[in-house]
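Residue numbers (full-length UniProt numbering): 1 to 49.
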C-alpha cells in the first residue's frame with residue numbers, strides 16, 4: 001500500500017502504529033473482560049491474532 005511507495009513517510013507511519021497499538025490494547029482488554037465477544041469480533045474484523 002502507501003508505505004511501499006513512500007518508504008520515508010515516517011510521520012504517517014507513527015500515526016498508523018499508534019492506531020494499531022490502541023486497537024491492540026482495546027482488544028486485549030476485551031479479551032480479559034468478555035472472551036466470547038472478543039472471538040466473534042476478531043472473526044468479524046478478519047484479524048489474525
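Each residue gets a CB set at the ideal place from its N, CA and C atoms; glycine is no exception.
Just so it is clear, the structure is predicted and the values come from calculations on it, not from any experiment.
Just reading off the alpha helix (DSSP H) that residue i is part of, what are its end residues?
i, result
"residue 15", "10–33"
"residue 4", "2–5"
Determine the direct distance from the alpha carbon of residue j to that of residue i, and round the result to whole angstroms.
i, j, result
"residue 30", "residue 2", "30 Å"
"residue 6", "residue 14", "13 Å"
"residue 25", "residue 19", "10 Å"
"residue 49", "residue 38", "11 Å"
"residue 47", "residue 9", "25 Å"
"residue 42", "residue 21", "16 Å"
On the three-state DSSP scale, how would you describe residue i?
i, result
"residue 37", "helix"
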